[in-house]
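Chemist:
In our numbering, the protein residues as written are 45 to 346.
1. Rounded to a whole number of angstroms, what is the C-alpha to C-alpha distance between residue 61 and residue 222?
2. Using alpha carbons as the reference points, say which of 105, 294, 315, 243 lies closest to residue 306.
3. Within the chosen definition, does the region 140 to 147 reach the region 201 to 212 through at least 3 CB pairs nearer than 8 Å?
4. Identify whether residue 131 lies in helix, strand or coil by the three-state DSSP scheme.
5. Measure the CB-CB distance between residue 166 and residue 189 and report whether it falls below 8 Å.
6. Among 296, 239, 271, 309, whose alpha-carbon lies nearest the alpha-carbon of residue 89?
7. Which of the three DSSP states, helix, strand or coil, is assigned to residue 175?
8. Sort 83, 87, 82 by Cα distance to residue 104 and report the nearest one.
9. If I measure Cβ to Cβ from residue 69 and keep anything under 7 Å in the same chain, skipping five residues before and after, which residues do I get?
10. If I follow the unbroken beta strand (DSSP E) through residue 215, where does it start and stop?
11. Is it the case that the region 73 to 84 contacts the region 174 to 185, given that we only count it when at least three CB pairs across the two stretches are under 8 Å?
12. Let me know the secondary structure DSSP gives residue 227 once reduced to three states.
13. For the alpha helix (DSSP H) that residue 157 lies in, which residues bound it at each end?
14. Unbroken beta strand (DSSP E) runs of length 3 or more, entirely within the region 244 to 293: which are they?
15. Would you tell me roughly how many angstroms separate the C-alpha atoms of residue 96 and residue 142, rounded to the nearest one?
16. Which of the three DSSP states, helix, strand or coil, is assigned to residue 241?
17. With H, G and I counted as helix, E and B as strand and the rest as coil, what does DSSP make of residue 198?
18. To which residues does DSSP link residue 329 through a beta bridge?
19. Shortest alpha-carbon distance to residue 173 belongs to which of 161, 163, 253, 155?
20. Below 8 Å, how does it come out for the region 124 to 133 and the region 191 to 205: are there three or more Cβ pairs, yes or no?
21. List the residues that DSSP assigns as beta-bridge partners of residue 169.
22. Using a Cβ distance threshold of 8 Å, determine whether the region 275 to 294 contacts the region 257 to 265, with at least three qualifying pairs required.
23. Taking the Cβ atom as the reference point for each residue, do residue 244 and residue 206 lie within a distance shorter than 8 Å?
24. Which of the three DSSP states, helix, strand or coil, is assigned to residue 297?
25. Examine the Cβ distances between the region 274 to 284 and the region 235 to 255 and report whether three or more of them are shorter than 8 Å.
26. Residue 200 to residue 247, Cα distance in whole Å?
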């Protein structure tokens with residue numbers, strides 16, 4: 045059963061061996077010391093990002109324990125195990141304002157992790173997911189459908205689509221699936237849901253995000269649900285974003301592609317613009333540079 049569940053999911057890849065030290069602006073993984081007048085993002089593995097978004101403390105799709113999957117009692121989970129431990133424990137994440145949930149798949153909506161996080165946080169989730177989250181003790185769960193938005197501590201969260209699906213089990217009920225656009229202090233960020241190739245993100249180029257987050261793994265054999273790295277680069281370019289944060293790799297072995305393939309292929313696809321790919325390392329943190337607009341020194345990618 046364990047093997048079946050692991051193979052029925054999707055892929056990520058191994059620890060990030062492709063980061064070049066000193067290439068990007070690296071910040072210590074000490075969230076309490078992050079400035080409230082900037083956007084700082086940390087990679088906690090898989091689709092879990094920890095952010096200080098100009099004073100709003102945000103975590104996305106928290107997955108913080110050794111395994112994700114089917115929970116059998118208080119101590120047993122059947123499913124993929126982490127290839128590297130989470131850089132921070134839930135006990136170090138007790139000062140959160142917002143928890144973002146993109147969709148109900150078990151590697152994104154992990155009940156065990158949500159149980160361990162502070163119930164004072166606002167949970168922004170996709171349609172129908174509140175029925176899974178509220179029983180855990182959260183009092184403020186806000187479901188968004190595509191085109192809807194909410195505001196938490198001055199941060200605007202807008203929901204948009206993706207080319208994916210939302211069932212928790214193949215035979216189960218339908219849940220929504222959301223990408224999110226975050227905005228505060230004039231800085232915009234796209235947190236894309238897992239997605240196959242689509243042009244749904246292209247209209248964002250009219251008001252480009254500073255940062256776009258895309259999943260880059262789990263395309264073999266799940267290409268109809270997860271874009272491959274070359275397709276991810278294409279979607280990223282269409283958004284007009286300055287920087288790309290790759291997620292959904294390096295944490296769980298969920299599909300067939302070689303462990304080092306997704307990031308290598310993404311870097312190759314980016315070619316001379318590969319420096320725009322940031323946060324390549326599990327446990328790394330990165331701070332958005334103080335840039336106002338795209339300049340001649342940062343041409344649009346081809």
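Don't be surprised by glycine CBs; every beta carbon is placed ideally from N, CA and C.
Being a predicted model, the structure only gives us computed values, none of them experimental.
Modeler: By the coordinates alone:
1. Walking along the chain shown from the start, residue 61 turns up at place 17. Walking along the chain shown from the start, residue 222 turns up at place 178. Annotation note: pLDDT 30 at residue 61 (below 50); position unreliable, no value reported.
2. What you label residue 306 is simply residue 262 of the chain shown in a count that begins at 1. Ranking the options by Cα distance to residue 306, first place goes to 294.
3. yes
4. As a first step, residue 131 is located in the chain shown; it is residue number 87 there, counting from the start. Three-state result, residue 131: coil.
5. As a position in the chain shown, residue 166 is number 122, starting the count at 1. As a position in the chain shown, residue 189 is number 145, starting the count at 1. No; because the gap between Cβ atoms is not below 8 Å, this pair is not in contact.
6. As a working note, residue 89 is residue 45 in the chain shown. The shortest Cα separation from residue 89 among 296, 239, 271, 309 belongs to 296.
7. Numbered from 1 along the chain shown, position 131 holds the residue referred to as residue 175. DSSP places residue 175 in helix when its eight states are reduced to three.
8. For the purposes of this step, residue 104 is taken as residue 60 along the chain shown, with counting starting at 1. Taking only the C-alpha atoms, the option nearest residue 104 is 87.
9. By one-based count along the chain shown, residue 69 stands at place 25. With a pLDDT of only 47 at residue 69, under 50, the local geometry of the prediction cannot be trusted, and no value is derived from it.
10. Mapped onto the chain shown, residue 215 falls at position 171. Per DSSP, residue 215 belongs to no beta strand (DSSP E) and is neither H nor E.
11. no
12. For the purposes of this step, residue 227 is taken as residue 183 along the chain shown, with counting starting at 1. Reduced to three states, the DSSP call for residue 227 is strand.
13. Looking up residue 157 in the chain shown gives position 113. Unbroken alpha helix (DSSP H) run through residue 157: 155 to 160.
14. 255 to 259, 287 to 291
15. In the chain shown, residue 96 corresponds to position 52, counting from 1. In the chain shown, residue 142 corresponds to position 98, counting from 1. Between residue 96 and residue 142, the C-alpha separation is close to 10 Å.
16. Residue 241 sits at position 197 when you count from the first residue of the chain shown. Residue state, collapsed to three classes: coil.
17. Here residue 198 refers to the residue found at position 154 of the chain shown. Residue 198: coil per DSSP, three-state reduction.
18. In the chain shown, residue 329 corresponds to position 285, counting from 1. Residue 329 is bridged to 86.
19. Counting from one through the chain shown, the residue named residue 173 turns up at place 129. Out of 161, 163, 253, 155, 155 has the C-alpha closest to the C-alpha of residue 173.
20. no
21. Position 125 of the chain shown, counting from 1, holds the residue named residue 169. Answer by DSSP bridge pairing, in chain order: 187.
22. yes
23. Your numbering for residue 244 matches position 200 in the chain shown. Your numbering for residue 206 matches position 162 in the chain shown. Closer than 8 Å, so yes.
24. By one-based count along the chain shown, residue 297 stands at place 253. DSSP places residue 297 in coil when its eight states are reduced to three.
25. yes
26. Looking up residue 200 in the chain shown gives position 156. Looking up residue 247 in the chain shown gives position 203. C-alpha separation (whole angstroms): 18 Å.
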